[in-house]
Every structure is written in C-alpha cells, then in structure tokens.
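Read the structure below first, then the notes.
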Amino acid sequence: MCADLPFFDIELPLMDNLKLMAMAKEILSKLKPSWHCESVSFKFFTAGITNKIFCVTHPALNSFKTDEKVIFRVFGRNTEKIINRKAEVENWLRLAEVGCAAPLFAKFLNGIVCGYLDGEALTVANVRDDKIVTSVFAEYHFNTTISYSHRASLPTGRVSERFMTRSKLENFFPQHGSCSGQSWSKQQQFDEFFTKNDISLRKDFIKLQELINALPTRVVFCHNDLLVHNILYDSKSGKVSFIDYEYAGFNYQGFDIANHFCEYAGMPSTIDAKALLRLALERAAGEVLAAHFFWSAWALVQSQNSIIDFDYLGYAIVRYKMFRSLMHVHEGA
1 MCADLPFFDI
11 ELPLMDNLKL
21 MAMAKEILSK
31 LKPSWHCESV
41 SFKFFTAGIT
51 NKIFCVTHPA
61 LNSFKTDEKV
71 IFRVFGRNTE
81 KIINRKAEVE
91 NWLRLAEVGC
101 AAPLFAKFLN
111 GIVCGYLDGE
121 ALTVANVRDD
131 KIVTSVFAEY
141 HFNTTISYSH
151 RASLPTGRVS
161 ERFMTRSKLE
171 NFFPQHGSCS
181 GQSWSKQQQF
191 DEFFTKNDIS
201 LRKDFIKLQE
211 LINALPTRVV
221 FCHNDLLVHN
231 ILYDSKSGKV
241 SFIDYEYAGF
251 NYQGFDIANH
261 FCEYAGMPST
271 IDAKALLRLA
281 LERAAGEVLA
291 AHFFWSAWAL
301 VQSQNSIIDF
311 DYLGYAIVRY
321 KMFRSLMHVH
331 EGA
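In this text, residue positions in the sequence shown follow full-length UniProt numbering: the first is 1, and each later residue adds one.
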C-alpha cells in the first residue's frame with residue numbers, strides 16, 4: 001500500500017521558511033501539475049509541538065470552482081525515535097479508506113502531504129460547548145465502530161504490539177539518565193526533580209502495567225493523541241474530524257477518552273452526558289495514569305531531541321507529578 005504513494009527525494013528545512021516554501025512548491029509542481037505555483041499561498045499552524053504543519057492554498061480559477069488546499073506535515077527532528085513512520089503511513093491510508101482520515105497524497109524525506117479537512121481546531125474553551133461535546137463523542141463512537149468492523153484491515157501490527165508496552169517505552173528510558181546535549185540549566189532542572197527524587201520510570205511502568213492488567217479493559221485500535229488541537233470542528237456543517245494519526249495504534253480501550261480529558265483542567269459542567277462521562281472516566285482510571293506517564297516519558301525524549309521552542313522538560317515534570325499523585329491515590333485505596 002505504501003509503495004503506491006508518490007515519494008519525493010526532498011527534505012524540507014524546519015528553520016528556514018523561505019527555503020521550505022520554495023521546496024514545497026517544487027513538490028507541488030509534480031504532485032499538482034494543474035496548479036499555478038506562483039499563485040499559491042501558505043498558512044503556518046503553530047499549535048503543534050512535534051512537527052511543522054502548514055497549509056498551501058491554490059486559488060479557484062473561476063467562480064464555478066473552489067480553492068484547493070493541501071496540508072504539509074514536516075516531521076520534527078529525531079521524531080522517528082518515538083514514532084514508527086512506516087506504520088503511521090500504513091494506518092493513515094487504511095483510515096482514509098473508511099472515511100476516518102484525510103486522504104494521503106505523497107511522502108517526502110521528512111514528511112507527508114495530505115488532504116485538507118474543513119474546520120478549526122478546538123480550544124480548551126469551546127470543547128466544553130454542549131453541541132461540540134456531543135459531536136466529538138459521536139465521531140469517537142463512529143471511529144470506534146469503524147475500527148471494530150474493519151479490524152482485520154485497519155491497523156498495522158498485532159494487538160500484542162499495543163501502544164503502552166514495555167518494549168515501546170524501553171526505547172525512552174535509557175535516554176534520560178541525564179539531559180545529554182542540553183544546557184546546564186536544563187540538566188540542573190532535570191537533576192533537581194528526577195535525580196533528586198530517585199525517580200525510576202522503569203519501576204513506575206511495571207507498577208502501572210500491573211494496575212492496568214488487573215482492570216477489565218480491552219485492547220482496541222486508538223488515536224492515542226486526541227488532544228483538542230487534533231480535533232477539528234466545522235461550525236457550518238457541525239462535523240467533527242480527528243487529525244494527526246502519527247501515534248495511532250492498539251491501546252487500552254479507555255485511553256483516548258482518558259488522554260483527552262487529561263489535556264485540560266476541569267470538566268464540562270453542563271452536558272447531558274455528564275454522569276455517563278464520569279462513569280467512563282472512573283472506569284478508565286488506569287488509562288488516565290497511562291496517559292500522564294506516557295507523555296511525561298515522551299517529553300523527556302523530546303527535551304533531548306526537538307528543536308521546537310517548547311519547555312519539554314517542564315512539561316515532563318508536570319505530567320509526572322500528575323501521574324505520581326494519582327498513583328498514590330490508587331496505592332492507598
């Protein structure tokens with residue numbers, strides 16, 4: 001399936017937008033030969049903290065047509081240490097076939113070109129809107145139903161190769177006995193929290209697995225990164241779309257819901273389904289722990305590799321504190 005996708009032997013720069021736009025036009029001249037590349041416009045998105053994402057718009061040639069748009073996703077430096085890019089493309093293509101993802105048009109050395117989906121990324125404020133919450137859960141239910149009905153063809157890999165496994169996270173652990181390659185202040189920040197408190201992610205993960213394995217939870221195909229910026233809402237149609245499936249794969253059934261609500265403080269207060277949501281989160285208590293743990297470990301790796309201006313180490317500490325706080329509650333229960 002991946003072999004049929006057009007590939008361009010071009011690497012787009014992360015830090016030079018002028019050069020990046022020129023090289024993107026070079027790709028588009030071959031991918032979209034009907035486009036007049038001198039007429040296209042670029043819009044860069046700033047919400048992502050892993051990749052560089054931008055939209056290229058080709059204006060309509062006449063009043064009977066509409067503007068055409070594509071999305072470029074330039075992978076962050078060293079993200080292949082965290083993300084299986086081959087599996088990402090294979091999963092994306094299968095998801096697109098059943099209407100769960102935008103079409104994938106091409107690959108280049110450090111990224112992909114995909115279709116544009118109408119809508120705006122949700123915010124912490126509007127995700128609490130009753131109508132939007134209902135749409136999000138309807139889309140989540142649709143995706144879950146599709147996942148089950150196409151279980152044999154949708155995901156890459158086996159159920160045993162689920163997202164939160166020791167073998168996957170083992171790739172993270174050896175890298176943060178220190179903050180190698182970082183500034184002295186970052187190393188000091190790392191030592192002040194992780195070293196001083198004698199924190200062992202390996203030991204924590206063993207405890208986490210024991211806790212989750214004791215819960216009645218199934219392993220299903222999940223998005224695994226369903227934060228608000230990865231949910232688009234089209235106010236005209238009322239449609240919700242999920243985007244950015246780079247972490248998609250098998251995981252514990254409640255992970256997506258738990259992870260989504262770990263991303264912002266507070267809970268929707270007026271939705272009709274509040275009681276149902278509370279019950280779902282109570283049942284997903286282990287997945288809430290898993291979400292905090294994974295993104296803490298992820299941020300530690302990113303703190304050593306990413307060139308994006310974001311306080312990954314501070315984020316790792318915040319998520320780990322949440323993990324430990326909840327783990328203490330479970331251990332004391």
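Just so you know, even glycine gets a beta-carbon here, dropped at the ideal spot from N, CA and C.
> So which of E287, F45, V288 and L313 has the shortest CA-CA distance to A299?
Replying inline: L313
> How many whole angstroms separate the CB atoms of V89 and L5, which I take to be in contact at a CB cut-off of 8 Å?
Replying inline: L5 and V89 do touch by the CB rule: their CB atoms are close to 7 Å apart, below 8 Å.
> Below 8 Å between beta carbons: does that hold for V219 and N259?
Replying inline: no
> D191: which of E68, A102 and A316 sits nearest, CA to CA?
Replying inline: A316
> Around the Cβ of L226, are there at least 16 other Cβ atoms within 10 angstroms (buried) or fewer (exposed)?
Replying inline: buried
> Start and end of the alpha helix (DSSP H) containing N84?
Replying inline: N84 -> no alpha helix (DSSP H), and no H or E assigned at all.
>> Suppose only complete runs of 3+ residues qualify. What are the beta strand (DSSP E) ranges in the segment 99-126, listed by chain order?
In response: 104-108 and 111-115
> When DSSP labels each residue in this structure, what does I231 get in the three-state scheme?
Replying inline: strand
> DSSP three-state call for H58: helix, strand or coil?
Replying inline: strand
> Can you tell me the Cα-Cα spacing of S200 and F293, whole angstroms?
Replying inline: 12 Å
> When the Cα atoms are used, what is the spatial distance from H229 to S241?
Replying inline: 11 Å
> Counting Cβ pairs closer than 8 Å, one from the segment 208-218 and one from the segment 61-77, do we hit at least three?
Replying inline: no
> Quick one: what's got a C-beta closer than 7 Å to F323's C-beta in the same chain, skipping five residues either side?
Replying inline: Spatial neighbours of F323 in its own chain (CB-CB distance under 7 Å, excluding positions within 5 residues in sequence) are listed in chain order as L289, H292, F293 and S296.
>> Buried or exposed for V124, going by 16 or more other Cβ atoms inside 10 Å?
In response: exposed
> Going straight from the alpha carbon of K239 to that of Y233, what length do you get?
Replying inline: Taking the Cα positions, K239 is about 6 Å away from Y233.
>> Check for me: the alpha helix (DSSP H) holding I257 runs from which residue to which?
In response: Its alpha helix (DSSP H) spans residues F255 to C262.
> DSSP state of L224, grouped into three classes?
Replying inline: First, the residue type needs correcting, since residue 224 is Asn and not Leu in the sequence shown. Looking at N224 - three-state DSSP - the assignment turns out to be coil, as it is neither helix nor strand.
> In this structure, what does DSSP give as the bridge partners for G218?
Replying inline: It is Arg, not Gly, that sits at residue 218 in the sequence shown. Partner(s): none; R218 has no beta bridge.
>> Counting C-beta neighbours from all protein chains within 10 Å, is the total for K52 16 or more, i.e. buried, or is it exposed?
In response: buried
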